[in-house]
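Residue numbers (my numbering), protein chains in the order written: chain A, 13 to 126; chain B, 13 to 126.
Everything below concerns the one structure shown next.
There are 2 protein chains.
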Amino acid sequence: MAKNNSDEVVCALDYAFRRIGGKHKARIMWYIFKKNNVLRYGELKRMIGNITPKMLTQTLRELEEDKLINRKVYAQVPPKVEYSLTQTGMELIPFLDHVGAWGRKQMEKENYTA
Amino acid sequence: MAKNNSDEVVCALDYAFRRIGGKHKARIMWYIFKKNNVLRYGELKRMIGNITPKMLTQTLRELEEDKLINRKVYAQVPPKVEYSLTQTGMELIPFLDHVGAWGRKQMEKENYTA
DNA sequence: AGCATTAGTATCTTTTAGCATACTATATAT
DNA sequence: ATATATAGTATGCTAAAAGATACTAATGCT
């Protein structure tokens, strides 16, 4: 477990949200998925925009540790590292899709009333 | 918006996770749902266990502000306050169910290998 | 008068998440 | 020899989330 491992996981929902609840985690997974399940570090960085290299690396390492993404290093210079979703990570995609749809709907609603 | 409103929402996924990504938010919604969509403050507190009244109140207020739960106050002494999911909140239940199932599966897997 | 009950507040401290900025390694191309 | 590209590290800082602990209001009950 990567984040918030200070105290015990209390249930499956808790377990899940510790893994994907970080500020950029869901988005990173979504971006990788959308780019045919392969994305390089630099591409990811550019897509996210406002993230420091430290945070991006840290987040990617946590996702990797939690078996949600794979990290493939090519023995090249300059370096090339590709990230992809694992099978386990892939299984979260429908969820992210639905939550995203829910979010989109709410955002539209807010625009109507506000 | 309640949490993380410092910078702009960048996409629907971001929007959604700001609303339900808090430490106890998903669980609170799930508990309310499971108890026939009505739960009092004290019950909630006992069910969550390790939460301070400050945190619980704050979390509930954020969920309310985000229109995910209703807060119904009875004019009684001692006080009685009931929380329930709004329609919008209800729409998240299938997803919470899905993620919970995913989490449960992963937890079982981990127990096998570890 | 004093106690129990419920849903909180108030204040302070600690912990965690995230940001800013500068730096590194190294093969290849010029 | 120097510049370029890529995927990061290192160090220090700020902001946000969360925790600990003590307290309150108001009424009915004894």
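Glycine included, each C-beta is placed from N, C-alpha and C at the ideal position.
Small disclaimer: the values here were computed from a predicted structure and weren't measured.
Exercise. Who are the neighbours of Leu104 of chain B on chain A, taking C-beta pairs under 7 Å?
Worked result: Along the second sequence, one-based indexing puts residue 104 of chain B at 92. Correct list: Trp114.
Under 8 Å, Cβ to Cβ, is there at least one residue of chain A near Ala28 of chain B?
Numbered from 1 along the second sequence, position 16 holds the residue referred to as residue 28 of chain B. At least one chain A Cβ lies under 8 Å of Ala28 of chain B.
With a threshold of 8 Å between beta carbons, is Thr100 of chain A in contact with chain B? Walking along the first sequence from the start, residue 100 of chain A turns up at place 88. For Thr100 of chain A, the answer is yes, since a Cβ of chain B falls inside 8 Å of its Cβ.
Review point. Who are the neighbours of Met67 of chain B on chain A, taking C-beta pairs under 9 Å?
Key: In the second sequence, the residue the question calls residue 67 of chain B occupies position 55. Result: empty, since nearest Cβ-Cβ is about 14 Å, beyond 9 Å.
| said: Let me see if you follow: with CB-CB separation under 8 Å, is Gln70 of chain A close to chain B or not? | reply: For the purposes of this step, residue 70 of chain A is taken as residue 58 along the first sequence, with counting starting at 1. False, the Cβ-Cβ gap to chain B never drops below 8 Å.
- Message: Taking DSSP's pairing of strands, which residues face Ile81 of chain A in a bridge?
- Response: To locate residue 81 of chain A, count along the first sequence from 1; it is residue 69. Answer is A:Leu97, bridged to Ile81 of chain A.
Amino acids of chain B, ordered along the chain, whose beta-carbon sits closer than 7 Å to that of Met119 of chain A = Reading the first sequence from its first residue, position 107 is the one you call residue 119 of chain A. Chain B residues near Met119 of chain A: Ala24, Tyr27.
Note to self: What residue range does the alpha helix (DSSP H) around Val111 of chain A cover?
What the structure shows: Position 99 of the first sequence, counted from the start, is the residue given in the question as residue 111 of chain A. Start and end: 105 to 125.
query = Is the Cβ-Cβ distance between Arg58 of chain B and Lys92 of chain B less than 8 Å?
reply = Your numbering for residue 58 of chain B matches position 46 in the second sequence. Your numbering for residue 92 of chain B matches position 80 in the second sequence. Their beta carbons are not under 8 Å apart, which means Arg58 of chain B does not touch Lys92 of chain B by this criterion.
I'd like to know whether the C-beta atoms of Gly61 of chain B and Ala28 of chain A end up nearer to each other than 8 Å. Taking the second sequence and counting its residues from 1, the one referred to as residue 61 of chain B is at position 49. Taking the first sequence and counting its residues from 1, the one referred to as residue 28 of chain A is at position 16. Going by C-beta atoms, Gly61 of chain B is not nearer than 8 Å to Ala28 of chain A.
### Query
List, in order along the chain, the chain A residues whose C-beta lies closer than 9 Å to that of Arg39 of chain B?
Working through the second sequence from its first residue, we reach residue 39 of chain B at position 27. Those are Val22, Cys23, Leu25, Asp26, Phe29, listed as they occur along chain A.
| field | Distance, Leu80 of chain B Cα to Tyr124 of chain A Cα | value | Position 112 of the first sequence holds residue 124 of chain A. Position 68 of the second sequence holds residue 80 of chain B. Cα to Cα, the separation comes out at about 18 Å.
Practice problem: Answer yes or no: do Ile32 of chain A and Leu97 of chain A have a C-beta to C-beta separation smaller than 8 Å? | Solution: One-based indexing of the first sequence puts residue 32 of chain A at position 20. One-based indexing of the first sequence puts residue 97 of chain A at position 85. No.
Name the one or two DSSP bridge partners that Leu51 of chain B has. Counting from 1 along the second sequence, the entry for residue 51 of chain B is found at position 39. Answer is B:Tyr95, bridged to Leu51 of chain B.
### Query
Do Ile63 of chain A and Tyr95 of chain A come within 8 Å of each other at the CB atom, strictly closer than that value?
Residue 95 of chain A sits at position 83 when you count from the first residue of the first sequence. Residue 63 of chain A sits at position 51 when you count from the first residue of the first sequence. Going by C-beta atoms, Tyr95 of chain A is not nearer than 8 Å to Ile63 of chain A.
Along the chain, where does the alpha helix (DSSP H) containing Lys37 of chain B start, and where does it finish?
Locating residue 37 of chain B in the second sequence gives position 25, where the first residue counts as 1. Taken as a continuous stretch (DSSP letters only), the alpha helix (DSSP H) holding Lys37 of chain B covers 37 to 46.
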